[in-house]
Amino acid sequence: FSTFPGSPKWKKHHLTYRIVNYTPDLPEDAVDAAIERALKVWEEVTPLTFSRMHEGEADIMITFAVGEHGDFFPFDGPGEILAHAFAPGPGISGDAHFDDDEKWTKDTSGTNLFLVATHELGHSLGLRHSDNPEALMYPLYNTLTDPNRFRLSQDDVAGIQSLYGPPTVSTDAPAVSTKPVPTRPGPPDMCDPALSFDAVSTLRGETLFFKGRYFWRKYLRASKPELYPISSFWPSIPSGIDAAYEVKSKDTVFIFKGQQFWAVRGNEVQAGYPRSIQTLGFPPTIRKIDAAFSDNDRKKTYFFLEDKYWRFDEKRQTMEPGFPKKIAEDFPGVHPRVDAVFEAFGFFYFFRGSSQLEFDPNAKKVTHILKSNNWLDC
Amino acid sequence: HPLDRDPGGQGSIMDFVQQYLEKYYNLKKDSRLLVRTENNGLIAEKIQEMQRFLGLKVTGNPDPETLEMMHKPRCGVPDVWD
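This is the structure in structure tokens:
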């Protein structure tokens, strides 16, 4: 990534924007939605918040225009230049202009407004072009990017956080906003000795550690885990999930929150979800599960709920009879309540608060007691 | 030299390359006079800079792959600044 000469950035964390006019290519609410979603992308990874103005001078003025439009950087008709934007500052600085000779669309049949707007707003916030082709801030429009599965690259996140830092609880109330600034917890500190996890799952050889709105991706060979907002991979998956596990034979991770669960393959949320956990065989009285993992060798999935566990037969796709059973009976030494669990190298790793228990299923005993975050190289 | 009347020929390609480099890679406009000479060092250097930035094979020439990338839709903000 790179920033503009002198690294100009906004001195305040609450910014205003105004959509000055609209393209005839899209309904106005579609333009509004694209811009709002684009701003949210940056909100997710910074302390910045945005509110909309309908008149007057906003920090970021958003305009559709053709040809020469008063800034000495004329647009060029259809193709090539799609839009441009100015680095943070007063007046025209921070503004974003879109070439209305393009065919702006919600999908990818034309030029996707959301993707271009997210890029341009990156400039409005102080990012210059990146030479990383994976980055949103790479200068060329990528027709292969699916706007529904869009996520910032680590390069983009590192770039914007080099200017504004990670998300924090915001205290600078906007002078012009009609609504209070939302307060959002910042990203968790992976080396916090009190760190606990919502859920842990494997995914295609990586291990994912979920916490609130975020998760860490841990590659076995990588030296440093990477933190991402859940929404950057799976926009429809809620934060604060209860449990997650991978069924390797299906190349699918199942994610649970409350009485619903989702299936994801890579970064695609599968159609037909969320489903009710009752479809797995849980009675309606079960409101949520605490943790789950799938024993991919034995084709069994274990669901942990308070001091009991249930076992699901992946071959027969039914809950096994005789369950629930007491956790303490079959997993001696494991806490009666479990936050998260996953399987690695033939061991089951149970998480509760800041502690982690390594359980040997063959010896049927706890073999190590670890800190929850020891997988994160802390 | 009738390069300007040679649409699609090497002359118009070099004009396009030069304009692209001026817009996005900070090629000074007064170097336009130099581009008519083949293997002009400044232009080749700028092409290499662009190729490196865009992740292309660095040849210093506007080869077909480079030209294809240059014709792709893009953001109008320059990639490099003075």
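Protein chains in written order, with the numbering used here: chain A, 1195 to 1572; chain B, 3 to 84. Don't be surprised by glycine CBs; every beta carbon is placed ideally from N, CA and C.
Residue range of the unbroken alpha helix (DSSP H) whose run includes A/A1352 | Q1348 to Y1358
Endpoints, the beta strand (DSSP E) within which A/S1395 is located = A1393 to L1397
A/A1252 to A/I1286, Cα distance in whole Å?
-> 10 Å
So what does DSSP say about A/R1531, is it helix, strand or coil?
-> coil
Which residues mark the beginning and the end of the alpha helix (DSSP H) in which A/Q1511 is found?
-> Counting along the chain, A/Q1511 falls outside any alpha helix (DSSP H), and DSSP gives it neither H nor E.
Any contact of the region 1268 to 1275 of chain A with the region 1290 to 1300 of chain A, i.e. 3+ C-beta pairs under 8 Å?
-> yes
Could you tell me the distance, in whole angstroms, from the CA atom of A/A1367 to the CA atom of A/H1208?
-> Reliability fails at A/A1367, whose pLDDT of 40 lies under 50, so the model's placement of it is uncertain and the value that follows must be treated cautiously. So the alpha carbons of these two residues sit roughly 7 Å apart.
In chain A, which residues lie less than 7 Å from B/P66 when you measure between Cβ atoms?
-> Near B/P66 there are no residues of chain A at all, since even the closest Cβ is about 16 Å away, more than 7 Å.
Pull up the DSSP beta-bridge partners for A/N1306, would you.
-> A/T1299
Please confirm if A/L1338 has its CB atom under 8 Å from at least one CB of chain B.
-> no
Any Cβ of chain A within less than 8 Å of the Cβ of B/F18?
-> no
Beta-carbon gap between A/T1401 and A/F1497 smaller than 8 Å | no
Quick one: which chain A residues come within Cβ less than 8 Å of B/M52?
-> Correct list: empty, because the minimum Cβ distance to chain A is about 10 Å.
Would you mind giving the Cβ-Cβ distance between A/P1607 and A/K1502, rounded to the nearest angstrom? I have them listed as a contact below 8 Å.
-> In the structure as shown, chain A starts at 1195 and stops at 1572, and residue 1607 of chain A therefore has no counterpart that could be examined.
Given B/R54, which residues of its chain have a CB within under 7 Å of its CB, disregarding the five upstream and five downstream residues?
-> V60
What's the C-alpha gap between A/N1573 and A/E1462?
-> The requested residue 1573 of chain A does not occur in the structure, where chain A is confined to residues 1195 to 1572.
Using a threshold of 8 Å, state whether the C-beta atoms of A/A1393 and A/A1485 are closer than that.
-> yes
By a C-beta neighbour count over all protein chains shown, 10 Å radius and 16 as the cutoff for buried, is A/A1238 buried or exposed?
-> The question names Ala, but residue 1238 of chain A is Glu in the sequence shown. Buried: at least 16 other Cβ atoms inside 10 Å.
Given A/P1443 as reference, the closest of A/R1398, A/A1437, A/G1452 and A/G1475 once Cα atoms are compared | First, the amino acid is wrong: residue 1443 of chain A is Ser here, not Pro. Comparing Cα-Cα distances from A/S1443 to each of A/R1398, A/A1437, A/G1452 and A/G1475, the minimum goes to A/R1398.
Per the contact definition of three or more C-beta pairs closer than 8 Å, is the region 1308 to 1326 of chain A in contact with the region 1229 to 1247 of chain A?
-> yes
Which ranges would you report for the alpha helix (DSSP H) in the region 1242 to 1296 of chain A if only whole runs of at least 4 residues count?
-> none
Pull up the distance between the alpha-carbon of A/A1437 and that of A/T1243, whole angstroms please.
-> 30 Å
How many angstroms separate the CA atom of B/T68 from the CA atom of B/L56?
-> 9 Å
By DSSP, does A/W1204 sit in helix, in strand, or in coil?
-> coil
Is B/P80 closer than 8 Å to B/Y22 when the C-beta atoms are compared?
-> no
Is B/P75 helix, strand or coil when you go by DSSP?
-> coil
Which residues in the same chain have their Cβ closer than 8 Å to the Cβ of A/G1452, if we skip the five residues on either side of it in sequence?
-> D1436, R1481 and K1482
At which residues does the beta strand (DSSP E) containing A/I1449 begin and terminate?
-> T1446 to K1451
Quick one: Cα of B/D17 to Cα of A/P1360, how far?
-> 44 Å
For chain B, find out if any of its Cβ atoms is closer than 8 Å to the Cβ of A/A1279; answer yes or no.
-> yes
Amino acids of chain B, ordered along the chain, whose beta-carbon sits closer than 7 Å to that of A/F1267 = G78
Output yes if chain A places a C-beta closer than 8 Å to the C-beta of B/K74; else output no.
-> yes
Going straight from the alpha carbon of A/Q1472 to that of A/P1478, what length do you get?
-> 6 Å
When the cut-off is 8 Å and only beta carbons count, does B/G57 lie next to chain A?
-> yes
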